[in-house]
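Q:
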Amino acid sequence: MTAPIKLMTSLGWVTVGSEIDIYVPKISIDVYASNNGAKNQTISTGGNLLGYPLGFERTHAGHIMLLYVVGLGMRSSIILNGERGLQCATNILNSFCMKAFKMKGINARAVNRKDFNVEYTNPPYGLEEDCALLKRIERSDAVIFENQQVDSKIKGTYWLASTSSRIKGGNLAFGVDCLEDGILKNETLVDTDGKVKGAKKQILALVRIKVDIRESMGKVG
23 MTAPIKLMTS
33 LGWVTVGSEI
43 DIYVPKISID
53 VYASNNGAKN
63 QTISTGGNLL
73 GYPLGFERTH
83 AGHIMLLYVV
93 GLGMRSSIIL
103 NGERGLQCAT
113 NILNSFCMKA
123 FKMKGINARA
133 VNRKDFNVEY
143 TNPPYGLEED
153 CALLKRIERS
163 DAVIFENQQV
173 DSKIKGTYWL
183 ASTSSRIKGG
193 NLAFGVDCLE
203 DGILKNETLV
213 DTDGKVKGAK
223 KQILALVRIK
233 VDIRESMGKV
243 G
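So the mapping is simple: this note's numbering equals the position in the sequence shown, first residue as 1, plus 22.
(1) Report the residue from 32, 68, 102 and 215 whose alpha carbon sits nearest the alpha carbon of residue 192.
(2) Name the two residues that bound the continuous beta strand (DSSP E) containing residue 232.
(3) Three or more beta-carbon pairs under 8 angstroms between the stretch 69-86 and the stretch 184-200, yes or no?
(4) Given a threshold of 16 other Cβ atoms within 10 Å of its Cβ, counted over all protein chains shown, does residue 188 qualify as buried or as exposed?
(5) Considering only the beta carbon of each residue, do residue 183 and residue 132 sit closer than 7 angstroms?
(6) Determine the direct distance from the alpha carbon of residue 236 to that of residue 37, and round the result to whole angstroms.
(7) Determine the direct distance from the alpha carbon of residue 53 to that of residue 82, and round the result to whole angstroms.
(8) Using DSSP with H/G/I as helix, E/B as strand and the rest coil, what is residue 112?
(9) Would you give the residue range spanned by the beta strand (DSSP E) that residue 193 belongs to?
(10) Can you give the beta carbon distance from residue 120 to residue 134, rounded, assuming they're within the 8 angstroms contact cut?
(11) Checking the sheet assignment: what are the DSSP bridge partners for residue 70?
(12) Would you check if the distance between the CB atom of residue 231 and the CB atom of residue 115 is smaller than 7 angstroms?
(13) Residues in the same chain with beta-carbon distance under 8 angstroms from residue 69, minus the five sequence neighbours each way, listed in chain order, please.
(14) When burial is assigned at 16 or more other CB atoms within 10 Å of the CB, is residue 223 buried or exposed?
(15) Suppose the cutoff is 6 angstroms on Cβ atoms and the five residues either side in sequence are ignored; what does the same chain contact list for residue 62 look like?
(16) Please state whether DSSP places residue 56 in a helix, a strand or coil.
(17) Rounded to the nearest angstrom, what separates residue 228 and residue 123 at their Cα positions?
(18) Thinking residue 71 and residue 185 are a contact (beta carbons under 8 angstroms), I'd like their distance in whole angstroms, please.
(19) Compare the C-alpha of residue 105 against each of 240, 220, 28 and 41 and name the closest.
(20) Based on the DSSP output, what are the partners of residue 213 in its beta bridges?
(21) Which of the three DSSP states is assigned to residue 124 in this structure?
(22) Quick one, are the C-beta atoms of residue 212 and residue 196 less than 7 angstroms apart?
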């Protein structure tokens with residue numbers, strides 16, 4: 023069995039494939055009825071949040087980023103309702119996540135359905151030490167690339183920043199994707215027989231944390 027790999031990141035030393043604590047200063051935003059389709063709301067998050075490892079990626083700038091899924095807590099719960107909620111959902115969720123994790127070497131957006139079906143690969147370019155480090159990460163037994171292992175750990179109900187349509191009761195239904203106790207679903211907000219619906223769920227962030235390649239190489243060996 024390969025020994026766990028520790029990497030220097032923007033949060034300090036982390037063990038690849040292990041859950042991490044991320045401290046987020048308290049932030050809040052006002053979401054108006056004209057955007058969520060329901061009513062004026064204030065949503066917030068902050069404190070020590072738990073990050074579940076999803077994998078890693080290589081940016082076009084050549085940086086290695088570790089990826090974590092982070093639930094933003096009950097205070098982040100937001101109502102989305104009807105056509106307006108459907109139209110604005112992705113922007114509202116992404117904007118809130120970006121504001122919550124606006125820190126040096128760290129950025130975020132809202133999780134979407136595709137994030138649980140992505141195969142993470144590294145492009146064939148970059149410095150020699152970058153490639154060597156990526157190969158060591160890929161060989162680590164601790165890395166979680168089976169995304170089903172991640173979503174099964176996430177309890178509660180969360181909006182995802184993606185929308186889809188389906189046939190429901192003979193009508194075409196449009197809704198926002200969601201994760202409910204580890205199961206991917208879709209919450210209908212509008213259907214073709216004129217019914218308008220709404221729901222309240224928490225927000226789930228995909229957090230990207232930059233790896234310090236040169237310092238990490240010394241630790242990995």
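All residues carry an ideal CB built from backbone N, CA and C; glycine is no exception.
A: Short version:
(1) 215
(2) 220-232
(3) no
(4) exposed
(5) yes
(6) 16 angstroms
(7) 33 angstroms
(8) helix
(9) 193-202
(10) Their Cβ separation, rounded to whole angstroms, is 14 angstroms, which puts residue 120 and residue 134 out of contact at 8 angstroms.
(11) 45
(12) no
(13) 45, 46, 48 and 95
(14) buried
(15) 54 and 55
(16) helix
(17) 10 angstroms
(18) At roughly 26 angstroms, the Cβ-Cβ gap does not stay under 8 angstroms, so residue 71 and residue 185 are not in contact.
(19) 220
(20) 195
(21) coil
(22) yes
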